[in-house]
Structure formats: C-alpha cells, structure tokens
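Residue numbers (the working numbering), protein chains in the order written: chain D, 35 to 152; chain X, 3 to 149; chain Z, 466 to 805.
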Amino acid sequence: MMDYVNAFWVGGLICVIGQILIDKTKLTSARILVFYVIAGCILGGLGIYQYIVDIGGAGATVPLLGFGFNLSKGVMKEIDESGFIGIITGGLKATSAGICAAILSAFVMALIFDPKEK
Amino acid sequence: MGKEITKEQYDKMVKKASPDSPVVKNCIKAFVIGGIICTIGQMITNIAAFYGASEEEAGTYTSVILVVAASILTGLGLYSKLGKFAGAGSIVPITGFSNSVTSPAIEFKKEGMILGLGAKIFIVAGPVILYGVLTSVLVGTVYYIFG
Amino acid sequence: MAKHVGKQSMEFGKNISIVSAASTVGTKEGEGPLREYFDVILQDNLLGQESWEKAESKIASDNIKLAINKAGLSPQDIDYVVTGDLLNQCCGSTFGVRGLKIPFFGVFGACSTMGEAMSLCAVLVESGGAGKTVAGASSHFCSAEKQFRFPMDLGTQRTPTATWTVTGDGAAVIAEGSEHPFIRGITTGRIVDMGIKDANNMGAAMAPAAADAIYQHLQDFGRKPDYYDYIVTGDLGYVGKELLLKLLKEKNCDISKNHIDCGIEIFDKELQDTHSGGSGCACSAVTFAGMLYNKLRKKIINKILFVPTGALMSPTSVQQGESIAGIAHCVAIENEGVSA
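Right, here's the structure in full:
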C-alpha cells in the first residue's frame, strides 16, 4: 500500500514543479516536456534519479523525467553489454515501447476521430 | 501634450495590469491529478509484476498502457478538458507526451496523410525525442569514456 | 469631396450610409450577453464542413449574402466587397467571397480588419468610384487556435491574460444614401509597437496603438471624448482596457466614462471562462453589426467612435522573437448626416 502513497506524492510533486515553471516563466508545455526529458536523462546519468525511483516507483517513472531516466539507463546498459555502439543504440532501445505505442495509437486515433472543439 | 512613455515604463504598466496565474490553486490541481496518474501507473506495474513480469517489463507495460489510454482520451476530446483543469498534472506524465503526439495527428490530417498527419505529428513531441536522444548520446559518451 | 483633417484623418462630404449590417456567430458567442442582437447563431461551428477553415469561409459567405439581402439588394448590385480574416494569405475571405462574383479587395489588419474594411469602403463610396460596397471580417476560434497556437485536443491551460477568438462574421453594406447611421470620418492608425512579445497578452500589445489612434482622432477633429456616446475598441479585453485608460490619462484624455470594448461585451467572463475577453476579426465585426448597429438604428445611441484594434504578427514572427505590433483604426459613425 505504501508504494501507492509514494507514487502519488512523488508524481504529484514532480507535476507541481512543472506547474510552477509554466505559471512563473510562461514556458509552453512543449518546452516543459523538453526540459523534463533532458533533466531526467542527466539526473539518470549522474545516478541521482535512481534514488527518486527507489522512493516513488511509478511516481518517478511515469512523469517525463522517467522517460529521460530510461534513455540514460538504456544507453549505459547497452554500453556495458555491447561497448561503444551502445552509445548510439541504447537510448532509443530502452524507450522504443513508449515511442512506438504513442505513434501507433496516435495514427489509429487520427483515422477514427476528428478534432473536437474546446 | 503628455509625455511619451518608454518601452520600459510600459512593460511595468503591463505587469501591473496583467493578473497572475492562480499558482497555488493550479499547483494543488496539478498535484492531485499528476499523483492520481502516477498511482494508476503504480497499479499497472504491480499487476504486471503479480503476473510474473520482470521489473523492466512491468515498466514497459505501464508506459504502453498509459500512452494508449491517453491517446484514446485525446481522440474522444476528453484529454484537453483534463488538461485545462490539471495543467502540468496532465502534461508532465507520459500521458501528456501521448496527448502531444495524438492531438496534432488528429488536427492536421485534413492537410493530408503525408504532409499533414505525417509531417506534423511531432510538432510538439518531436523536440522531446530529439533533445532526449541527444542527451542520452551525451550521457552515453561520458559514461563510455569515464565509466 | 473628402477632406484631409489634421494629421491622420479624413472627413467625408457625402452621406455615407451604413445601409444594413449582418452578424453570424458561433455557439459560444450565441450563449453570451449579446445573443439577442445577432442575426444567426450557429448550432454547429463546423457547419457540416470538412475543416474549420472551410467552415469559416462558409460563415463569411453566408453572412455577406445576408447583409446584402437585408439591404434589399442582390450580389450583382454590389460594386466592391472588402473583407479580411486571420488565416494565412487571407484564405477565409478568399474562399468566402469566391462564389459571389463581386470585385474583391482582400485586406489584412488582424483583429482591426473591420475598421480597415469600413474605412476603405467609405473612401471608395466617397470617391464616386463605387456605388454600393460591403465591408466585412471573419474569424473562427478553431482555425485561429490551429494556426497560431496548438491543436484543439492538446491539453493546455490558458493564462489569465489570454483572449478567446470569436467565431463568426460581421458584414455591413456601405453606400451613399439617406438612411442613418453614417460614416462621417476616419482616422487611420499608425503601427505602434511597445515591445510586447507575449502572444497570450494581446490586449497589452494593442492598447498603445488604440490610445494613439483615439488621441489623434480627437486632436484631428478638435473633439472632446464626451462628443461620442461610446468610444468602442475592438478586442483589448480587461487587461488592454485598463492599459488604454491609463495611457490616455497620461495625455490628459479621460475616456473612462464612455469607453466600451467589444471583447469585454461579447462574453460573460465568469460564466464563459474567457479570461481577458474576446478577440479576433469577428469580435469587433459582430459586435458592431449586432449590438452597435442595432442601437444606432433605434437611436438609443447617436454618435460612436468605432476603433477595431489589431495585433499584427505571424507565428513565424513570434517564433523569431519579433514583438507584436499594434494597430487601430477609428471610424466615426453618427446618426446625423452631412447636409442635415
């Protein structure tokens, strides 16, 4: 049960930081997403983000920071296993499921639905 | 004739006249919705693990299921309503990434399958993948040399 | 003959009558405070068309025809149609007037387009080179969002200073005649750019241009603000209105008693969640063709200074870090004609 509570507050807190950035800096959502993925990747590379994942579980992996973290984790794992070429293959390999699922579902939805007015 | 106002003076006037975003209220909403999305993610992870998935596989299932669910909600016109309420709470989770891929795909299909949907599907998410991958190459290079 | 007055103004010698006016609006505008004044309130903002852009053109086309019909005329009686919109290369208007077979001037003045079109029609009529003309402007919330901001279904929040693009078209038939109201003069605005770069705060970008044009108009004609029943700006919204009043006060010009803004009038801020107010070419166009024209015809008001305001920019210019250039055009409309 504790893992749900931790996922809730860690994930919520990461979103609050994003909200403060949006409201205080007028950054658009596209910039926020870029910032988060870069930050997650660097924090992952420095070995810091793993601690946050250990505490928050999905609360740390579901936000885009986790996407960045996965990129760094993947690249380091590939380098350990296949050496130099891992620098090129590792990042996308680890995140391929998320990207492919997003492309596939977006395409199918675009075939089915028309844009909806706000 | 009154005196002319400089751009700097005008900038101050504008700041004074423009209401600030209700940050506290927005943060509470972002916290709750962001927290709920992550909790759902934790649930999917736990269920996958219960059925014998490894930690890594469970994470993958979680991403895929959240991405597909957000994409469907986007198609139904519901994710934009959630986003209006939750702000960063529904932008920052991977569901927001999915929404940022699906929404232009739907919006720009009128301009054709190739130059509309095809070319514009990544107008929001493209930079995320671009700079994410570049950063991972940078991290990998540093790790390869010093690691 | 028209007379050049002061620095930026023109005073007309003929009775340039606004013979009729028609307004068509979207569903949201139709739920707003001005609903009783509009001719057509759409049930579906897509009008059964394939895209937002095609819907906008259809709205423009239907509404221009409606304005012509209301004047008891048919399209072949019209010598010029002068219209504009917000879409790239003025396509909303182009495909709107395509089927009408009327000589066409497409104009772009962003949200000030209605003022620009009415000014040009008045000049055409005054010159004697045209008999009957139509001025109009259209915008559509969805096509504008798609072009200037994000896809409809992207889950984002709007800032408190953001405005809501009005869906609709306003059109007026302008010709020499004896029916009130009349366009008595115009003051063409200069571009005024105070360096605002926030595309979500267009009221702030346009307020200096509005202040400049209104001040110049009053100077050129030697009038005090209370000459007019209303001084009506286009789409400054709440933020822009506050700035406009302050800027004019600095020049010892107080219009706070008779100033109204179409962007504030058209929506109910609390009920409709429109933040700083309405915007878009249609905002001033439908408010004029709806409420203002109606009140002028019934002589509830007799003299207005109609000042549509525009934020001149493109998505490219904003991305390249250009500031947003403001413009405003004054059209002085009175129920009393020249010879009276």
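Note that CB positions come from ideal geometry on N, CA and C, so glycine has one too. Every value quoted in this text rests on a predicted model; they were computed, and no experiment measured them.
Which residues does DSSP list as the beta-bridge partners of residue i?
{"i": "ALA636/Z", "result": "ALA487/Z, GLY601/Z"}
{"i": "CYS576/Z", "result": "GLY574/Z"}
{"i": "VAL657/Z", "result": "GLY791/Z"}
{"i": "PRO21/X", "result": "Answer is none; PRO21/X lacks a bridge partner."}
{"i": "LEU777/Z", "result": "ALA790/Z"}
{"i": "PRO95/X", "result": "PRO97/D"}
{"i": "MET115/X", "result": "Partner(s): none; MET115/X has no beta bridge."}
{"i": "TRP629/Z", "result": "GLY743/Z"}
{"i": "GLU799/Z", "result": "PHE647/Z, LYS768/Z"}
{"i": "SER474/Z", "result": "VAL470/Z, THR652/Z"}
{"i": "PHE560/Z", "result": "In the DSSP output, where bridge partners are listed per residue, PHE560/Z has none listed."}
{"i": "GLU641/Z", "result": "ILE481/Z"}
Where do the N-terminal and C-terminal ends of the beta strand (DSSP E) with residue i fall, by residue?
{"i": "ALA790/Z", "result": "790-793"}
{"i": "HIS469/Z", "result": "468-470"}
{"i": "ASP726/Z", "result": "724-726"}
{"i": "PHE647/Z", "result": "647-652"}
{"i": "THR8/X", "result": "Counting along the chain, THR8/X falls outside any beta strand (DSSP E), and DSSP gives it neither H nor E."}
{"i": "GLY549/Z", "result": "545-549"}
Flag this pair as yes or no: are the beta carbons of residue i and residue j separated by less than 8 Å?
{"i": "ALA793/Z", "j": "THR774/Z", "result": "yes"}
{"i": "TYR692/Z", "j": "LYS768/Z", "result": "yes"}
{"i": "SER721/Z", "j": "THR628/Z", "result": "no"}
{"i": "PHE753/Z", "j": "ILE648/Z", "result": "no"}
{"i": "VAL638/Z", "j": "ILE481/Z", "result": "no"}
{"i": "THR632/Z", "j": "ASN665/Z", "result": "no"}
{"i": "VAL830/Z", "j": "ILE529/Z", "result": "Beyond the ends of chain Z as shown, which are 466 and 805, falls residue 830/Z; an answer cannot be given."}
{"i": "SER100/X", "j": "ASP618/Z", "result": "no"}
{"i": "GLY549/Z", "j": "CYS555/Z", "result": "yes"}
{"i": "THR652/Z", "j": "SER474/Z", "result": "yes"}
{"i": "SER73/X", "j": "SER139/D", "result": "yes"}
{"i": "ALA679/Z", "j": "LEU713/Z", "result": "In the sequence on display, residue 679/Z carries Ile and not Ala. Yes, they are a contact pair."}
{"i": "THR104/X", "j": "MET143/D", "result": "yes"}
{"i": "SER603/Z", "j": "CYS718/Z", "result": "no"}
{"i": "GLY491/Z", "j": "ALA525/Z", "result": "no"}
{"i": "ALA675/Z", "j": "VAL588/Z", "result": "no"}
{"i": "ALA672/Z", "j": "ALA486/Z", "result": "no"}
Within a Cβ cutoff of 6 Å, which residues of the same chain sit near residue i, ignoring the five residues on either side of it in sequence?
{"i": "ALA670/Z", "result": "ILE661, ALA776, ILE789, GLY791"}
{"i": "GLY4/X", "result": "Unreliable positioning characterises GLY4/X in this predicted model, as indicated by a pLDDT of 48, which lies under 50. A coordinate reading is not provided."}
{"i": "GLU581/Z", "result": "VAL572, GLY574, HIS794"}
{"i": "ILE696/Z", "result": "ILE720, ASN723, HIS724, LEU770"}
How is the alpha helix (DSSP H) around residue i delimited, first residue to last?
{"i": "LYS150/D", "result": "It is not in any alpha helix (DSSP H) - LYS150/D carries neither H nor E in the DSSP assignment."}
{"i": "TYR693/Z", "result": "Premise fails: TYR693/Z is in no alpha helix (DSSP H) and is neither H nor E."}
{"i": "ILE39/X", "result": "25-52"}
{"i": "LEU770/Z", "result": "Premise fails: LEU770/Z lies in the beta strand (DSSP E), 768-772, not in any alpha helix (DSSP H)."}
{"i": "GLN681/Z", "result": "667-686"}
{"i": "LEU709/Z", "result": "702-715"}
{"i": "ASP542/Z", "result": "ASP542/Z -> no alpha helix (DSSP H), and no H or E assigned at all."}
{"i": "PRO129/X", "result": "128-148"}
{"i": "VAL57/D", "result": "Reading off the sequence shown, one finds Asp at residue 57/D, where the question assumed Val. Where ASP57/D is concerned, the enclosing alpha helix (DSSP H) stretches over 36-59."}
{"i": "GLU494/Z", "result": "492-495"}
{"i": "GLY90/D", "result": "83-90"}
{"i": "VAL71/D", "result": "63-79"}
{"i": "GLY61/X", "result": "57-77"}
{"i": "ILE524/Z", "result": "517-535"}
{"i": "LYS734/Z", "result": "734-737"}
{"i": "CYS607/Z", "result": "606-613"}
{"i": "PHE87/X", "result": "81-88"}
Counting contacts by CB-CB distance shorter than 8 Å, is residue i in contact with chain C?
{"i": "SER63/D", "result": "You won't find chain C in this structure, because its protein chains are D, X and Z."}
Please work out which residues of its chain come closer than 8 Å, Cβ to Cβ, to residue i, disregarding the five sequence neighbours upstream and downstream, and give them in chain order.
{"i": "GLN684/Z", "result": "GLY471, LYS472"}
{"i": "LYS689/Z", "result": "LEU683"}
{"i": "GLY45/D", "result": "GLY90, ALA92, GLY93, ALA94, VAL96, PRO97"}
{"i": "ALA55/X", "result": "TYR63"}
{"i": "ALA50/X", "result": "GLU59, ALA60, TYR63, THR64"}
{"i": "GLY98/X", "result": "ALA72, GLY85, SER92"}
Closer than 7 Å by C-beta to residue i: which residues in its own chain qualify, once you throw out the five before and the five after it? Chain order, please.
{"i": "GLY74/D", "result": "TYR83, LEU98, LEU99, GLY100, PHE101, GLY102, PHE103"}
{"i": "GLN681/Z", "result": "LYS472, GLN473, THR652"}
Item checked: Segment contact flag, the segment 106-119 of chain D with the segment 490-503 of chain Z, C-beta cutoff 8 Å, min 3 pairs -> no
Check: Taking three-plus beta-carbon pairs below 8 Å as touching, is the segment 82-91 of chain D in contact with the segment 40-49 of chain D?
Finding: yes
Note to self: Tell me whether the segment 498-506 of chain Z and the segment 706-718 of chain Z touch, counting them as touching only if at least three CB pairs, one residue from each stretch, are closer than 8 Å.
What the structure shows: no
Check: Can we say the segment 125-143 of chain D touches the segment 104-114 of chain D, given the rule of at least three CB pairs closer than 8 Å?
Finding: yes
Notebook entry, point to check: Looking at C-beta atoms only, is the number of pairs between the segment 46-54 of chain D and the segment 35-51 of chain X that lie closer than 8 Å three or more?
Noted result: yes
Checklist line | Touching by the beta-carbon criterion (3+ pairs, under 8 Å), the segment 59-75 of chain D and the segment 92-101 of chain D | finding: yes
Margin query: Would you call the segment 583-597 of chain Z in contact with the segment 538-546 of chain Z, where contact means no fewer than 3 C-beta pairs closer than 8 Å?
Written below: yes
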